[in-house]
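Asks:
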Amino acid sequence: MCGIVGYIGNKQALPILLQGLRRLEYRGYDSAGVALVEGNQLRRERSVGRIEELAAKLKGTESASTLGIAHTRWATHGGVTEENAHPHFDCKEVIAVAHNGIIENYKEIRSTLVPKHTLRSQTDSEILTHLIEEHYHGNLRKAVAAALAHVRGTYGLAVVHRDQPDLIIVARMGSPLVIGMGDAEYYIASDPSPMLAHTKRVTFLDDGEIAEVTRSGVHTVTLMDEDVNKCISEIEWDDATAQKQGYEHFMLKEIFDQPAVLKDAIRGRIDLEEGTAHLGGINLTDDQMRSIDRIVLIACGTASYAAMIGKYAFERLVDIPVEVDVASEFRYRDPVINERTLVFAISQSGETLDTLAAIREARRKGAIVRGIVNVVGSTIARETEGGTYIHAGPELAVASTKAFTNMVAVLLLYAVQFGRLKRVTPTTGRRILTEMLEIPKKISIALEQNDAIRQIAQQYSNYSNYLFLGRGMNYPVAMEGALKLKEISYIHSEAYPGGEMKHGPIALLSSTFPVVAIHTKNALYDKMESNIEEVRARGAKVIAIATQGDDRVHEIADEVIWVPATEAILEPLVNTIPLQLFAYHMAIQLGRDVDRPRNLAKSVTVE
Ligand code: AGP
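Per numbering that gives the first Met the number 0, the sequence shown runs over residues 0 to 606.
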């Protein structure tokens, strides 16, 4: 997820663009750049690092330009370098493009461009500038529309041309773009926050629309060149709220981001034809993958629960043993690994020192080491010989939510990809992947329980202890739910496999020790039903996560939170959602600092 800003009007553009980037830094901050149309010149400055690095480079720059675009990057394709920073130029350096999104077919397009064009970056975005260059014959909007006709994927786009000093072209497909209306001046941004200091009158582009923004107005058409009448909205938000897109906290925004970012995790990686997944970053041939005889998943905290889900999936689909190690234990237990062991390091930040130290130990012992990471160019990403980015976008709340579901999605794709090299049939692979494509919709359905969960939290926030129960792949989901609750509400909570409760923890239960049970329709439904009855017999209240349509659960649960049915192996992607919302609303009830809980850091870079 990146941030785009643009300005066209009668004021100096540069300070407006820099201030706008600062408002969008939450969308990505590994590099930034600005392009200004000035006289008959197109000037550009880019830098690695935060916005202030760019501002420092531009300090003292006098620019009379009143037209420009700027971009703050969250790398998805291509490392964190100045060359990969936006805006990108065409060969003649007369067209500048700032892009937010993922161009799925950029490799195919790149191969058609390279003979004639000089591509300078490793990004998917740069191909857009050369496509526009190919189609530019004086009309910039038509050139952009013609270029986008070749593109598969998502984009929010801002384009300027050196010879068009009164025009910005913007386009949208899957990545937001907003136009702020001033007096003979207009503001472009990925969301309203950069423009609220100037105007609250905005119009939101919709998918498939492209607009010409000039000092005299905005003309919007579809990519098929049909005029579109856009309504103007009045934004009620203040700056801070706008960065959270109207949500009270980043955590809630990121919970609700999950349908969209899950699509980014699976986009271009599913092959329904072959019933398999293609995660190219694994950098192993099929034969090398077949020769692997053990998989070790290393991670910490939430990432380790994603790893546990991966273990269940790999062992169900691939006939090789899989171990999960919390990184801080792995490096001190003298693990048995060799050159046929595949070690995955799973990390949102890619900077967790325990995980980093563990992969260095694994490499020392000759293992094949790969990363499943969110932050492009992070240390773990750079110290593994390949792997897969989870494309969750910047996760700013300390409590991890969207990164967790995207890690799980990537692990499930790997399990299918490996499984199809072994015993998984095309039909089974196709069935799982077809359902995977439905998961974003099913997460949206699970999110509709938000108000019901808030009401439950209002009644249940005074308890001091919670037990979370799950069986099979829902046991790591229970672990994640317990972690979410304890880390943001500070309520003591722990998770157990449903069948394990009778071996001790059941002694804890009473009317003041509620239980959250994941009790969805699957092969272990009857077993979990018995566990819940054991809980009820001790007088403990039960909050059940249940499958829509289950007409028995009300007999054994005090509260029911509904989730849609899905493939058993995909259940964690849906069943985790209500537990995230439960933890969030409990923390709100208790007045906690949800985005910055006490004692915690977003990335634990100490041992
Ligand atoms: C998750 O909500 C916590 N913030 C924490 O457990 C986190 O998952 C853990 O520190 C690992 O971080 P990483 O994914 O960045 O490596």
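Built from N, CA and C at the ideal position, the CB exists for glycine as well.
Could you work out which residue in T519, Y186 and E37 is closest to Q547 when comparing CA atoms only?
Replies: As a working mapping, residue 547 is identified with position 548 in the sequence shown. Among T519, Y186 and E37, the Cα nearest to that of Q547 belongs to T519.
Asks: Quick check: N464 and H491, are their CB atoms within less than 7 Å of each other?
Replies: Taking the first residue of the sequence shown as position 1, residue 464 is located at position 465. Taking the first residue of the sequence shown as position 1, residue 491 is located at position 492. Yes. Within cutoff.
Asks: Determine the contact status of L20 and Y6, defining contact as a CB-CB distance below 7 Å.
Replies: Your numbering for residue 20 matches position 21 in the sequence shown. Your numbering for residue 6 matches position 7 in the sequence shown. No, the Cβ-Cβ distance between L20 and Y6 is not below 7 Å.
Asks: In the DSSP assignment, what are the bridge partners of Y331?
Replies: For the purposes of this step, residue 331 is taken as residue 332 along the sequence shown, with counting starting at 1. Answer is none; Y331 lacks a bridge partner.
Asks: Along the chain, where does the alpha helix (DSSP H) containing P577 start, and where does it finish?
Replies: Your numbering for residue 577 matches position 578 in the sequence shown. Its alpha helix (DSSP H) spans residues E570 to Q588.
Asks: So what does DSSP say about T400, is it helix, strand or coil?
Replies: For the purposes of this step, residue 400 is taken as the residue at position 401 of the sequence shown. Coil, per DSSP.
Asks: By DSSP's criteria, Y154 is part of a beta bridge. Which residues make up the other side?
Replies: The residue given as residue 154 occupies position 155 in the sequence shown. Its beta-bridge partners are M172 and G173.
Asks: Looking only at its own chain, which residues have a Cβ that is under 7 Å from the Cβ of V423, when we skip the five neighbours before and after it?
Replies: By one-based count along the sequence shown, residue 423 stands at place 424. L316 and V415.
Asks: Answer with buried or exposed for V335, where buried requires no fewer than 16 other C-beta atoms within 10 angstroms of its C-beta.
Replies: As a working note, residue 335 is residue 336 in the sequence shown. Answer is exposed; the Cβ neighbour count stays below 16.
Asks: Out of curiosity, what's the CA-to-CA distance linking A241 and D190?
Replies: Looking up residue 241 in the sequence shown gives position 242. Looking up residue 190 in the sequence shown gives position 191. Between A241 and D190, the C-alpha separation is close to 7 Å.
Asks: Just to confirm, does Q244 get its C-beta within under 6 Å of one of the non-hydrogen atoms of ligand 1?
Replies: Counting from 1 along the sequence shown, the entry for residue 244 is found at position 245. It does not: the Cβ of Q244 is nowhere closer than 6 Å to a heavy atom of ligand 1.
Asks: Under the criterion of a Cβ to heavy atom distance below 6 Å, does A31 qualify as lining ligand 1?
Replies: What you label residue 31 is simply residue 32 of the sequence shown in a count that begins at 1. Result no, Cβ not under 6 Å from ligand 1.
Asks: Taking the continuous alpha helix (DSSP H) assigned at N449, which residues delimit it?
Replies: Taking the first residue of the sequence shown as position 1, residue 449 is located at position 450. Run containing N449: N449 to Y459, per the alpha helix (DSSP H) assignment.
Asks: Within the same chain, show all residues whose beta-carbon is closer than 8 Å to that of V560, passing over the 5 residues directly before and after it, in chain order.
Replies: Against the sequence shown, residue 560 aligns to sequence position 561. It should be pointed out that residue 560 corresponds to Ile in this sequence rather than to Val. Only Q448, A451, I452, I455, I542, A543, I544, A545, P577 and F581 meet the Cβ criterion.
Asks: In angstroms with no decimal places, state the Cα-to-Cα distance between R72 and E211.
Replies: Stepping through the sequence shown from its first residue, residue 72 is reached at position 73. Stepping through the sequence shown from its first residue, residue 211 is reached at position 212. Roughly 24 Å between the two C-alpha positions.
Asks: Does the count of Cβ pairs from the region 46-65 and the region 89-99 closer than 8 Å reach three?
Replies: Because the criterion of three Cβ pairs below 8 Å is not met, the region 46-65 and the region 89-99 do not touch.
Asks: Taking C-alpha atoms, which residue in S529, F343 and M472 lies nearest to N282?
Replies: Counting from 1 along the sequence shown, the entry for residue 282 is found at position 283. Answer by Cα proximity: F343.
Asks: Quick check on V113: does DSSP put it in helix, strand or coil?
Replies: Within the sequence shown, residue 113 is the residue found at index 114, counting from 1. The answer is coil: DSSP assigns V113 none of H, G, I, E or B.
Asks: Quick check: does the Cβ of G309 come within less than 6 Å of any heavy atom belonging to ligand 1?
Replies: Your numbering for residue 309 matches position 310 in the sequence shown. No, Cβ of G309 sits at least 6 Å from all heavy atoms of ligand 1.
Asks: When you compare the CB positions of L204 and R161, do they come within less than 7 Å of one another, or not?
Replies: Counted from its first residue, the sequence shown places residue 204 at position 205. Counted from its first residue, the sequence shown places residue 161 at position 162. In this structure, R161 does not lie closer than 7 Å to L204 by Cβ.
Asks: For L608 and R268, which I take to be in contact (beta-carbon distance under 8 Å), what is that distance rounded to the nearest angstrom?
Replies: The first residue shown for the chain is 0 and the last is 606, placing residue 608 beyond what the model contains.
Asks: Taking only the alpha-carbon atoms, compute the straight-line gap between S443 and I297 and give it to the nearest angstrom.
Replies: Position 444 of the sequence shown holds residue 443. Position 298 of the sequence shown holds residue 297. When rounded, the distance between both Cα atoms is 30 Å.
Asks: Going by beta carbon distance, what residues of the same chain come within less than 6 Å of M478, once the five residues before and after it are set aside?
Replies: As a position in the sequence shown, residue 478 is number 479, starting the count at 1. Within the same chain, M478 has close Cβ partners Y304 and A494.
Asks: For R369, which of helix, strand or coil comes out of DSSP?
Replies: If you number the sequence shown from 1, residue 369 lands on position 370. Residue state, collapsed to three classes: strand.
Asks: Are A481 and F467 touching if we call contact CB-CB under 7 Å?
Replies: Within the sequence shown, residue 481 is the residue found at index 482, counting from 1. Within the sequence shown, residue 467 is the residue found at index 468, counting from 1. Result yes, Cβ atoms of A481 and F467 sit closer than 7 Å.
Asks: Distance check for S120 and G77, CA to CA, integer angstroms please.
Replies: Taking the sequence shown and counting its residues from 1, one reaches residue 77 at position 78. Taking the sequence shown and counting its residues from 1, one reaches residue 120 at position 121. About 8 Å.
Asks: Just how far apart, CA to CA, sit E486 and T400?
Replies: If you number the sequence shown from 1, residue 486 lands on position 487. If you number the sequence shown from 1, residue 400 lands on position 401. Rounded to the nearest angstrom, the two C-alpha atoms are 12 Å apart.
Asks: Taking V201 and S174 to be in contact with their CB atoms under 8 Å, please state how far apart those CB atoms are, rounded to whole angstroms.
Replies: As a working mapping, residue 201 is identified with position 202 in the sequence shown. As a working mapping, residue 174 is identified with position 175 in the sequence shown. Incorrect: roughly 16 Å between the Cβ atoms, too far for contact.
Asks: Report back the beta-carbon spacing between I209 and R140 to the nearest angstrom; my notes put them in contact at under 8 Å.
Replies: Within the sequence shown, residue 209 is the residue found at index 210, counting from 1. Within the sequence shown, residue 140 is the residue found at index 141, counting from 1. Yes, they are in contact, since the Cβ atoms of I209 and R140 sit about 6 Å apart, within 8 Å.
Asks: Of all the options Q163, P193, Y489 and R26, which has the alpha carbon lying nearest to the alpha carbon of Q588?
Replies: Taking the sequence shown and counting its residues from 1, one reaches residue 588 at position 589. It is Y489 whose Cα lies nearest to the Cα of Q588.
Asks: Taking DSSP as the reference, what is the three-state secondary structure of G469?
Replies: Translated into the one-based positions of the sequence shown, residue 469 becomes position 470. DSSP places G469 in strand when its eight states are reduced to three.
Asks: State the DSSP-derived secondary structure class of G32, mapped to helix, strand or coil.
Replies: The residue given as residue 32 occupies position 33 in the sequence shown. Here G32 sits in strand by DSSP.
Asks: Which of the three DSSP states, helix, strand or coil, is assigned to L251?
Replies: Position 252 of the sequence shown, counting from 1, holds the residue named residue 251. Here L251 sits in helix by DSSP.
Asks: Scan the region 375-447 and note each continuous beta strand (DSSP E) run of 3 residues or more that stays entirely inside, going in chain order.
Replies: You should have 386-388.
Asks: With respect to 6 Å, is the separation between the Cβ of Q347 and the closest non-hydrogen atom of ligand 1 below this value?
Replies: Reading the sequence shown from its first residue, position 348 is the one you call residue 347. The answer is yes for Q347.
Asks: Considering only residues of the same chain and omitting the five flanking positions on each side of T221, which have a CB-CB separation below 8 Å?
Replies: In the sequence shown, counting from the first residue as 1, residue 221 sits at position 222. Answer for T221: G207, E208, I209 and V227, listed in chain order.
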